[in-house]
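Below is one structure, written out as structure tokens; comments come after it.
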Amino acid sequence: MASPALSHFLPRFGVAAAVVSALGLAGCQSLNTQDTLPPVSGVQPLKGLAQNVSVRRNSQGMPLIESSTFHDALFTLGYVHASDRINQMVTLRLLAQGRLAEMSGPQALDVDRFMRAVNLKKSAGELYNASSPRLKRFFEVYARGVNAYLFRYRDKLPPDLAQTGYKPEYWKPEDSALLFCLLNFSESTNLQEELSSLVLAQKVGADKLAWLIPSTPDEPLPLGETEKLKGVNLSQIAGLAALDIVTQQVSALNSLGVTTSSNWAVGPQRSRSGKSLLANDLSAKPQAPSPWNYVQIRAPKYQAAGVSIAGLPTLFSGFNGKVAWSMSAVKGDTQDLFLEKVKRQGSALYYENNGKWLPAVVRNETFFAKGQRPIREVVYETRHGALLNSSQSLNTGYGVALQTADFKDDKSLDAFFDLSRAQNAGKASDATREIRAIALNMIFADASNIGWQVTGRFPNRREGEGLLPSPGWDARFDWDGYADAMLHPYDQDPAQGWLGTANQRTAPRGYGMQLSNSWDAPERSERLAQLAGAGKHDTRSMIAMQYDQTTTFAAKLKVMFKAPGMAQPLKQAIDALPAAERAKAQEAFNRLMAFDGRLAPTSSDAAIYELFLQESAKQIFLDELGPENSATWKAFVANASLSYSAQADHLLGREDSPFWDDVRTAQKEDKPAILARSLAAAMTAGDSQLGADHKGWQWGKLHSYTWKNANGQTIRGPLAAGGDHNTLNSSPYNWGQSFDTTQTPALRMIVDFGQVEPMMGQNGIGQSGNPASPNYANGIDPWLKAQYLSFPMQPQNFDKVYGKTRLTLVPGK
2 MASPALSHFL
12 PRFGVAAAVV
22 SALGLAGCQS
32 LNTQDTLPPV
42 SGVQPLKGLA
52 QNVSVRRNSQ
62 GMPLIESSTF
72 HDALFTLGYV
82 HASDRINQMV
92 TLRLLAQGRL
102 AEMSGPQALD
112 VDRFMRAVNL
122 KKSAGELYNA
132 SSPRLKRFFE
142 VYARGVNAYL
152 FRYRDKLPPD
162 LAQTGYKPEY
172 WKPEDSALLF
182 CLLNFSESTN
192 LQEELSSLVL
202 AQKVGADKLA
212 WLIPSTPDEP
222 LPLGETEKLK
232 GVNLSQIAGL
242 AALDIVTQQV
252 SALNSLGVTT
262 SSNWAVGPQR
272 SRSGKSLLAN
282 DLSAKPQAPS
292 PWNYVQIRAP
302 KYQAAGVSIA
312 GLPTLFSGFN
322 GKVAWSMSAV
332 KGDTQDLFLE
342 KVKRQGSALY
352 YENNGKWLPA
362 VVRNETFFAK
372 GQRPIREVVY
382 ETRHGALLNS
392 SQSLNTGYGV
402 ALQTADFKDD
412 KSLDAFFDLS
422 RAQNAGKASD
432 ATREIRAIAL
442 NMIFADASNI
452 GWQVTGRFPN
462 RREGEGLLPS
472 PGWDARFDWD
482 GYADAMLHPY
492 DQDPAQGWLG
502 TANQRTAPRG
512 YGMQLSNSWD
522 APERSERLAQ
532 LAGAGKHDTR
542 SMIAMQYDQT
552 TTFAAKLKVM
562 FKAPGMAQPL
572 KQAIDALPAA
582 ERAKAQEAFN
592 RLMAFDGRLA
602 PTSSDAAIYE
612 LFLQESAKQI
622 FLDELGPENS
632 ATWKAFVANA
642 SLSYSAQADH
652 LLGREDSPFW
662 DDVRTAQKED
672 KPAILARSLA
682 AAMTAGDSQL
692 GADHKGWQWG
702 KLHSYTWKNA
712 NGQTIRGPLA
722 AGGDHNTLNS
732 SPYNWGQSFD
742 TTQTPALRMI
752 VDFGQVEPMM
762 GQNGIGQSGN
772 PASPNYANGI
782 DPWLKAQYLS
792 FPMQPQNFDK
802 VYGKTRLTLV
812 PGK
């Protein structure tokens, strides 16, 4: 998900200033912060270890843990995660608990209220309690390792954490389950879309809303969904605009909340070596630290290298010497909003259910904001879930309730561990089928086989599609259990010789269960199919795919421009423009028709193409959804970042949309007229931003990478960027707002079973979350240069990658 950059909220939302460092990188060294960096060599006694453990680090600080027992390996993983990322772990835990204000002050209270209502603590408790005794022991040992760090470094915490004055509590095993639930909550992006769609509906009405919320290019408009809102007085939803803003703030703070990702596998018949290949990209905001980090473990009965989140002893993507596995977002709609009719009687709140008024359940919450007295507030719950707007003055009107899946019988945490130990693709398939608490595309491979499995827990809706909030008073829209896991899409060893996902629709229309209506646009997956389905593959072609910057959307635009019903009317519309505008429109049209779709940072045609996309969004929609600083426009732009957009949908079709007419003029415009205007506007915008030499324009001068710390301070950039939201090398921007890159592929992995050492990867920012560390941002250069590090499985190759310098952890007293 392309969350708004955190810095966008700083003027009105100062959480970040207290959550993270107010120090620039240059200031860190002068404050003697080096003693906040745990040593990487020597001997260190730690109470809780049974035997000695070795920790070596590669050139970018990624650790190799070598241990005589799995118990000690897990303990050390907790210690290493905390050493690298304690601020991130503590901040995400407080966010998930709804307790950020304890560290950040009262400006975080709205975020805390929202997260208390969501109540991830309840979900985490269910998930942890449902786990096996074995898994609980793993989480307990891991937590002891985190706490060994917290105890030893309680007076030497990283500067950005120490500055807040907050003293982190010791880590509990349940805290790891809590972060897993935060990740799951982040992957279910439709909550934000439903709220933003309500904001849009308040402006344009339920009748026109369907044009703004398409699901995929080949689906009809969701008119049935918008019918649900007819008869609802949308102005009576208490605090809707404020709620929409808070959810965007949560997205900005939650570094786990990124759903742009891709993974694919190539079978032996398409491989140069005759053995399988697998690749994975996980995106994140260009912000240090990224949510992901690499770790490698070698113990007598366990070895694996892969992708972890600090705070969780889980490898989400990785390789164990026999099997490779990878995750990407399935864009599953696993949660729903319900509008509830509410009324107050005395001190009690009631809500309607099938004509009867039922008392809302009261949950008392106490908030501790730094520098303030405790605040006691009530969260109301209906039969669907907590009211997200409980803190608003709910007397009459509508509450907004959130329903999420329960995890009372869920073994997902066990399943991820089983997956990391799987010795063949069949065992990996068995393990992925047991992952229910999070909706993912899991692709896995061994040397001879490849497979794909959709995971998750998807509600059966009696009626409706879950794209918009449903009337909570009408039982027709209730959930009726969950889809049978046997219906989840999967595939193994397909005849085409490859499998791949890029957040696109993976279930055909009319499929036997409902996964989602919030898929990404199809272009990244189309490009993946073009490349994966061509020729034979090896490591070099996998890298080329991960760095590919060609969009298939440009070719679709050309087809639209030249369609029988469009070519002549568009020419007439261009000819009808004033002379200066006509010349600009004609130039833009000619350049677009010659454009090959390659979004290289040095391309002038790419600049014109993207200027046209940006300006067409404003020409089509701004007259009714603007101004640009309004809540409505921001909601519209936000939705385009979350799934298939109305901007793309209108460019490729929808000639009968009411939004083609510019309501500010006396005449009625049609699509050709607005396209002609957009072509001219693209050149005008380019002139103002890039100068008069049109051949000298470059896409990378409009579109750049800028990496920041979580406080919004630049640590690298701006650097020219290529690609966009539709390229495999994804670099989306807010379509309708600015060209600033909102995400980058922050972690990449390739496993080539034809190689002696199959796994290689890169962490796009840095391993450490401590600004004083040399590994804070040293992943950016290798990422820019397409340089990967090896993760060897054979001990004789460890020295070459990890060197001989090691930190030896020994049992302490």
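Offset between the sequence shown (1-based) and the working numbering: plus 1. Built from N, CA and C at the ideal position, the CB exists for glycine as well.
Cβ-Cβ distance between residue i and residue j below 9 Å
{"i": "Leu-395", "j": "Ala-239", "result": "yes"}
{"i": "Ala-722", "j": "Thr-603", "result": "no"}
{"i": "Ile-751", "j": "Met-543", "result": "yes"}
{"i": "Glu-188", "j": "Gly-333", "result": "yes"}
{"i": "Pro-39", "j": "Tyr-150", "result": "yes"}
{"i": "Asp-161", "j": "Asn-88", "result": "yes"}
{"i": "Val-362", "j": "Thr-383", "result": "yes"}
{"i": "Gly-765", "j": "Ser-291", "result": "yes"}
{"i": "Gln-587", "j": "Leu-652", "result": "no"}
{"i": "Val-296", "j": "Val-81", "result": "yes"}
{"i": "Met-761", "j": "Thr-540", "result": "yes"}
{"i": "Phe-562", "j": "Phe-596", "result": "no"}
{"i": "Phe-660", "j": "Gly-737", "result": "no"}
{"i": "Ala-282", "j": "Leu-729", "result": "At residue 282 the sequence reads Asp, which differs from the Ala that was named. Yes, the pair counts as a contact, with Cβ atoms nearer than the cut-off."}
{"i": "Gln-550", "j": "Ala-601", "result": "yes"}
{"i": "Trp-293", "j": "Ser-421", "result": "no"}
{"i": "Pro-221", "j": "Ala-649", "result": "no"}
{"i": "Ser-430", "j": "Tyr-491", "result": "yes"}
Anticipated Cβ contact below 8 Å, residue i with residue j, distance rounded
{"i": "Gln-280", "j": "Ser-256", "result": "Looking at the sequence itself, residue 280 is Ala, so the reference to Gln does not match. Actually they do not touch by this definition, with Cβ atoms about 23 Å apart."}
{"i": "Ser-263", "j": "His-538", "result": "Going by Cβ atoms, the distance from Ser-263 to His-538 rounds to 15 Å, so no, they are not a contact pair."}
{"i": "Asp-481", "j": "Arg-506", "result": "Going by Cβ atoms, the distance from Asp-481 to Arg-506 rounds to 23 Å, so no, they are not a contact pair."}
{"i": "Phe-408", "j": "Ser-124", "result": "6 Å"}
{"i": "Val-44", "j": "Thr-809", "result": "5 Å"}
Residue i, buried or exposed, once every other Cβ within 10 Å from all chains shown has been counted against 16
{"i": "Ser-22", "result": "Here Ser-22 scores only 34 on pLDDT, less than 50, and its place in the model should not be relied on; the value that follows carries that caveat. Answer is buried; the Cβ neighbour count reaches 16."}
{"i": "Ala-27", "result": "A caution first: Ala-27 carries a pLDDT of 33, below 50, which makes its placement in the model unreliable, though a value can still be read off. The residue is exposed, with fewer than 16 neighbouring Cβ atoms inside 10 Å."}
{"i": "Pro-565", "result": "exposed"}
{"i": "Thr-666", "result": "exposed"}
{"i": "Asn-849", "result": "Residue 849 lies beyond the stretch modelled for the chain, which goes from 2 to 814, so this question has no answer here."}
{"i": "Phe-339", "result": "buried"}
{"i": "Met-794", "result": "buried"}
{"i": "Pro-777", "result": "First, the amino acid is wrong: residue 777 is Tyr here, not Pro. It counts as buried."}
{"i": "Pro-159", "result": "buried"}
{"i": "Leu-691", "result": "buried"}
{"i": "Ser-31", "result": "At Ser-31, the pLDDT of 37 sits below 50, so the modelled position is not reliable and the matter cannot be decided from this model."}
{"i": "Gln-819", "result": "What the structure shows of the chain is the stretch from 2 to 814, and residue 819 is not part of that stretch, so it cannot be assessed."}
{"i": "Lys-302", "result": "exposed"}
{"i": "Lys-412", "result": "buried"}
{"i": "Asp-410", "result": "exposed"}
{"i": "Gly-534", "result": "exposed"}
{"i": "Tyr-706", "result": "buried"}
{"i": "Tyr-399", "result": "buried"}
{"i": "Gly-324", "result": "According to the sequence provided, residue 324 is Val. The question's Gly does not apply to it. Looking at its Cβ environment, which holds 16 or more other Cβ atoms inside 10 Å, Val-324 is buried."}
{"i": "Pro-509", "result": "exposed"}
{"i": "Phe-76", "result": "buried"}
{"i": "Leu-359", "result": "exposed"}
{"i": "Glu-127", "result": "buried"}
{"i": "Val-811", "result": "exposed"}
{"i": "Lys-237", "result": "Strictly speaking, residue 237 in this sequence is Gln, with Lys absent from that position. That one is exposed."}
{"i": "Phe-152", "result": "exposed"}
{"i": "Val-664", "result": "exposed"}
So, does the segment 771 to 790 touch the segment 60 to 73, judging by three or more C-beta pairs under 8 Å? yes
Indicate whether the contact test is met: 3 or more Cβ pairs, each with one atom in the segment 432 to 443 and one in the segment 451 to 460, closer than 8 Å. yes
Are at least three pairs of beta-carbons, each pair with one atom in the segment 366 to 379 and one in the segment 224 to 232, less than 8 Å apart? no
In the segment 707 to 763, which residue ranges form an unbroken beta strand (DSSP E) of at least 3 residues, counting only runs that do not cross its ends? 715 to 721, 745 to 753
Determine, using beta-carbon pairs with one atom in the segment 593 to 613 and one in the segment 696 to 706, whether at least three such pairs fall under 8 Å. yes
When the Cβ atoms of the segment 521 to 536 are set against those of the segment 480 to 496, are three or more pairs found closer than 8 Å? no
Counting only runs that start and end within the segment 242 to 314, where is the beta strand (DSSP E) found for 3 or more residues in a row? 262 to 267, 278 to 285, 294 to 300, 303 to 309
Report yes or no: do three or more beta-carbon pairs, one from the segment 209 to 217 and one from the segment 640 to 649, lie closer than 8 Å? yes
Contact between the segment 471 to 491 and the segment 335 to 352: three or more CB pairs below 8 Å? yes
Taking 8 Å as the threshold, find out whether the segment 627 to 638 comes into contact with the segment 703 to 718 through three or more Cβ pairs. no
Segments assigned beta strand (DSSP E), at least 3 residues, entirely inside the segment 352 to 426: 357 to 360, 362 to 368, 376 to 382, 397 to 405
Which runs of the beta strand (DSSP E) spanning at least 3 residues fall entirely within the segment 488 to 546, listed in chain order? 491 to 493, 499 to 502
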